[in-house]
Amino acid sequence: MSLQTSRYSRYIPASLRFCFRELRQPGIGLWSLFATLVFAITVLAVCTNLTQTIRDATLQSAQQTIGGDISLRLFHRTPTPEEIAFLERFGQLSLTAEQRIMVASENEGTSILAEMKAVDSTYPLYGDLVLSSNSSIKTALAVQDGMPGTIVASSLLDALHLRLGDQITLGGQAFIIRDVIKTEPERSFRLFSLGPRIIISSNAFQKTNLGMTQSQVYWYARLRLDPRKHAQSGQIIEAIETKFPDAGWRIVNAANGIPGIERINDFAMAFVSLIGIAIFVICATAMQNALRADLDQRLPRFAVLRSMGATRQQVLGAIAAQIGCVTLLALVTGGVLSLMIEYFAVPVFANIAGLDIAVSVPASLSRFGTVALFVVLLITLISIGPLTKASITSPSALFRHQVALHIASAQTSTKPRQTAISALLYGGILTVLLSISTKLIGFGWFSVVLIVGLICCLMLFAVIAVGLRRGCRYLSTRPYNLLPSVRLALRNIARPGAPTLTVMTSIGLSVTCLMAVVLFAIQAGHHLTSTLPSDTPDLVFFDLPPEDGPSFRATAEAIAAVTGVDQMPFMHGRVTHINQTPISQINVPRRYQWFVRGDRGLSWTDHPHKAAQDNRVVTGEWWRTGHDAGRLASLDADIAHALGITVGDQMTLNMLGNPQQVTIANLRKIDWTRLALDFPIVLSPPTEPIPHGLISTLDLGEVADTGLDKAKTVASVQSALQQQFPNVPTIRVQDVLVKLEALFDQVVIAMMALTLLATAGACLVVVSGLIALRQGTAQELAMLRALGVQPRQINTIAAWETGISVAGSGFVGILLGGGIATLAAHAIGAEVIAFPGMAAGGAMLMVTLLGFGAGGLLQRLALRRQQGWRG
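Mapped onto our numbering, the consecutive letters of the sequence shown carry residue numbers 22 to 892.
Quick look at the structure:
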């Protein structure tokens with residue numbers, strides 16, 4: 022009797038026919054493999070696609086954020102008529118001025134720090150300035166009834182209790198509040214600001230006294246190029262620098278993205294992509310568990326195929342085709358799910374960031390191709406061993422007493438040639454995987470560092486797992502007074518096919534990531550809320566005219582609450598050359614590009630100032646008072662190391678358009694986390710007066726007689742000083758710290774959400790892998806049942822087995838995560854507090870309960886599927 026087959030079946034290879042037949046009724050192992058693959062592919066695709074989409078959007082919005090195709094900034098002086106005429110040759114020019122000023126309410130007498138912008142008639146060159154009344158900016162700022170108008174942020178109205186139509190005075194000129202700003206193009210990516218925005222016209226600004234003193238005014242010249250000249254922006258910048266080599270411009274090219282934001286984007290993309298890869302690696306261990314369980318369960322079927330004449334190559338092809346079909350279906354499902362998630366998530370991020378972000382299906386599919394290649398290679402890597410073992414199945418495996426012998430022979434029958442080929446194959450796949458992982462992270466050499474760190478963590482937990490297995494094997498054979506269930510659990514952990522390695526690696530890596538984020542948040546949060554406020558001044562006054570310095574100090578010191586006054590000259594300068602080499606020709610590490618990218622604050626003194634006394638000199642020494650043998654400089658030691666310079670080397674600084682050469686006299690180890698009055702460059706006093714302002718910091722203490730708390734004391738001192746110095750901008754440091762805490766909390770929440778997703782996903786896939794593994798234990802369970810073992814005892818053994826593995830890896834993960842968090846906290850300069858014992862203890866308790874509880878629960882679920890064990 023022969024079976025009726027399709028006329029087309031003769032054209033299908035036998036291995037594919039075996040594959041399709043097996044896929045008609047897939048076991049729980051294949052279902053677990055498919056579900057795990059879909060989850061891992063979706064997470065990895067979303068992580069890479071979403072971050073890259075947002076990064077592309079920020080790059081495309083650079084013109085709007087920068088304010089033009091090219092932005093040129095000057096400090097302390099306006100562009101000259103010659104400079105303006107030269108710039109107008111390249112396109113439409115917009116001139117604006119920005120300054121931090123104090124804005125007072127004439128009704129209540131209170132004042133706040135605001136960020137003022139004076140704009141011309143061409144503003145904005147890109148984007149739209151949206152007002153609450155939808156009127157034009159020209160109408161809102163125009164002079165009406167002899168009074169110029171101004172538009173402000175809603176937060177300014179709330180802080181000063183003002184309304185539309187009220188009058189405010191700026192620099193001696195009265196303005197009428199005509200409208201409220203809803204959207205400002207250049208503030209889309211301002212992560213931090215010291216005050217609300219207020220906008221006036223350039224003509225009105227010239228009638229005030231705001232820019233008449235030596236105030237800190239930023240003058241912007243922004244160019245909108247002809248579309249045909251966009252590709253020539255680099256050449257235009259080179260022509261500007263050649264024409265005005267000593268102008269002191271800080272030039273930004275929109276074609277290169279947004280300065281600062283690009284670096285943040287790179288870090289965010291690297292971190293999120295690394296989390297996606299880590300989740301996939303965690304899932305890979307569960308995939309291997311599921312695959313092994315499925316193949317072990319179908320071992321008799323492979324033996325039947327071999328007994329009917331199927332070759333090893335045909336069996337190997339059939340199994341590989343099954344895995345390929347499951348992987349292909351998972352790729353399609355994961356790709357569709359990732360696109361759906363991207364469509365829902367992109368509008369949320371667009372609303373938060375104020376960006377015009379659109380999902381590009383071709384771009385997403387192109388990036389998904391890289392993800393698919395990564396998935397295929399990793400599935401190939403974890404499938405080689407189980408496939409090879411299953412393909413050499415012998416027909417003798419059909420006999421029950423031969424199964425164990427077959428498994429043992431399969432594990433020891435590897436030939437030296439096969440070992441060498443396998444090693445080469447594994448090495449080649451791993452090399453390609455590392456290359457693709459680096460591309461997915463997309464952060465240059467730092468990507469390699471992240472991948473190496475991930476591999477080191479995996480290897481660490483692998484070594485711990487091997488040590489645990491050996492320890493369990495040793496304990497299970499010693500004549501110790503152990504419970505029978507504990508002894509059996511130890512033997513199960515040490516047996517050759519136990520999932521100890523995969524479980525400990527997955528759980529350990531997940532707990533490490535979670536604890537690193539949680540404990541770092543605790544350490545950094547403690548630094549922000551407890552340590553930093555005590556190490557920083559309470560009030561900062563800047564733009565103080567030098568002639569008012571002595572009277573300001575005397576007035577401040579006469580206030581009882583003031584415990585310390587520190588005062589230093591301040592101006593901006595730009596590093597143009599190092600040892601006669603242009604800074605553009607020096608390879609500056611990305612971490613320190615802020616130092617050479619534009620104007621930097623600098624100061625001078627004839628002796629170590631207050632903040633410098635707290636920062637030790639690591640190389641060189643301070644100059645003597647009255648030194649007149651050339652201009653000397655004290656430089657931050659970390660910056661000097663990054664630039665490759667030391668004591669005796671020379672720097673050229675462009676100050677107010679005048680290049681000055683200085684010699685490095687000493688290097689200081691500056692603690693930037695204290696927010697004290699210090700500068701990366703401190704010079705010896707100039708021989709001739711230089712236009713500058715003064716910065717003064719005040720330390721306050723509580724006065725017992727007044728009964729005021731710290732916040733009210735700060736407000737009282739600020740009000741007293743502003744009555745005598747009303748135009749001096751003031752910063753309450755506590756307000757700045759509150760904003761920093763809010764920003765830090767948002768970052769921590771995002772990191773926690775992503776890490777919790779990784780941890781939850783890892784737990785789910787590990788659980789699914791363990792469920793699949795426990796389905797193949799029917800023969801062992803039958804033997805135990807025949808020996809009279811009860812279900813409760815089996816559940817206890819499983820609880821001990823899983824609990825020891827999970828708790829062991831969890832404890833190590835907690836300690837490792839705590840160490841990483843401590844190092845990270847130390848790297849940002851936070852004061853490392855004692856190891857958070859309560860948080861670590863709670864985490865250990867949760868890991869223990871999870872391990873022992875999950876082990877017993879999973880075994881209970883497995884027993885329900887076995888005949889004779891339901892009672």
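Virtual Cβ for every residue (Gly too), placed ideally from N, Cα, C.
Per-residue burial, residue i [other beta carbons within 10 Å of its own, 16 or more giving buried]
| i | result |
| --- | --- |
| glutamine 544 | buried |
| glutamine 432 | Below a pLDDT of 50, predicted positions are generally treated as unreliable, and glutamine 432, at 48, falls in that range; the measurement from the model is reported next regardless. Glutamine 432 should be labelled exposed. |
| valine 357 | exposed |
| serine 740 | exposed |
| valine 369 | exposed |
| histidine 713 | buried |
| threonine 452 | exposed |
| arginine 637 | exposed |
| asparagine 277 | exposed |
| alanine 106 | exposed |
| cysteine 477 | exposed |
| isoleucine 221 | buried |
| histidine 182 | exposed |
Closer than 8 angstroms to chain D by CB, residue i
| i | result |
| --- | --- |
| valine 151 | No chain D appears in the structure shown, which is made up of a single protein chain. |
Nearest candidate by alpha-carbon position, reference residue i, set the options
| i | options | result |
| --- | --- | --- |
| threonine 584 | Ser176, His593, Pro590, Arg574 | Arg574 |
| alanine 579 | Gly216, Leu742, Ile189 | Leu742 |
| glycine 839 | Val827, Gly862, Thr823, Glu822 | Gly862 |
| leucine 504 | Glu822, Leu177, Ser175 | Glu822 |
| leucine 231 | Thr74, Lys264, Gly546, Glu119 | Glu119 |
| isoleucine 340 | Ala314, Val396, Phe39, Ala519 | Phe39 |
| arginine 490 | Ala56, Ala864, Gln73, Ser830 | Ser830 |
| serine 115 | Asp90, Ala135, Ile122, Met123 | Asp90 |
| isoleucine 818 | Ser506, Phe96, Val484, Asp564 | Ser506 |
| alanine 78 | Thr99, Val367, Leu461 | Val367 |
| leucine 312 | Gln73, Gly345, Ala242 | Gly345 |
| threonine 391 | Ala351, Ala444, Lys460 | Lys460 |
| valine 59 | Gly594, Ala307, Met672 | Ala307 |
| glycine 864 | Leu836, Ala842, Ala875 | Residue 864 is actually alanine in this sequence, not glycine. Measuring from the Cα of alanine 864, the nearest candidate turns out to be Leu836. |
DSSP state of residue i mapped onto helix, strand, coil
| i | result |
| --- | --- |
| asparagine 502 | coil |
| glutamine 46 | coil |
| methionine 6 | The chain is shown only over 22 to 892; residue 6 falls outside these bounds and no answer can be derived. |
| tyrosine 495 | helix |
| glutamine 767 | helix |
| valine 424 | Confidence is the limiting factor: at valine 424 the pLDDT is only 49, short of 50, which leaves the residue's position unreliable, though a coordinate-based value still follows. Helix at valine 424. |
| glutamate 762 | helix |
| phenylalanine 323 | helix |
| lysine 690 | coil |
| alanine 875 | helix |
| leucine 704 | strand |
| phenylalanine 563 | strand |
| proline 102 | helix |
| serine 157 | coil |
| proline 812 | helix |
| leucine 146 | coil |
| tryptophan 270 | coil |
| proline 407 | helix |
| phenylalanine 111 | coil |
| phenylalanine 482 | helix |
| alanine 429 | Residue confidence is low: alanine 429 scores 46 on pLDDT, short of 50, so the model does not pin down where it sits. Its coordinate-derived value is still stated next. Helix. |
For residue i: DSSP bridge partner residues
| i | result |
| --- | --- |
| arginine 121 | Glu136 |
| tryptophan 821 | Beta-bridge pairing links tryptophan 821 to no other residue. |
| alanine 654 | Ile685, Leu704 |
| arginine 595 | Asn675 |
| glycine 585 | Asp720 |
Residue i CB to nearest heavy atom of the ligand NAP below 7 angstroms
| i | result |
| --- | --- |
| threonine 521 | Among the components modelled here there is no ligand, and therefore nothing to report on the ligand NAP. |
* Counting Cβ pairs closer than 8 angstroms, one from the stretch 167-179 and one from the stretch 192-205, do we hit at least three? -> yes
* **the stretch 259-276 / the stretch 673-681 touching (three or more Cβ pairs under 8 angstroms)** => yes
* Asked: Would you call the stretch 639-646 and the stretch 248-263 touching, i.e. three or more CB-CB distances under 8 angstroms?
  -> no
* Kindly confirm or deny that the stretch 742-759 and the stretch 606-616 touch, where touching means at least three C-beta pairs closer than 8 angstroms. => no
* Using 8 angstroms as the threshold, is the stretch 294-311 in touch with the stretch 68-83, meaning 3 or more CB pairs across them? -> yes
* Assess, as a yes-or-no matter, whether the stretch 171-180 is touched by the stretch 213-224 under the definition of 3 or more beta carbon pairs within less than 8 angstroms. => yes
* Asked: Between the stretch 146-157 and the stretch 92-105, do at least 3 Cβ pairs fall closer than 8 angstroms?
  -> no
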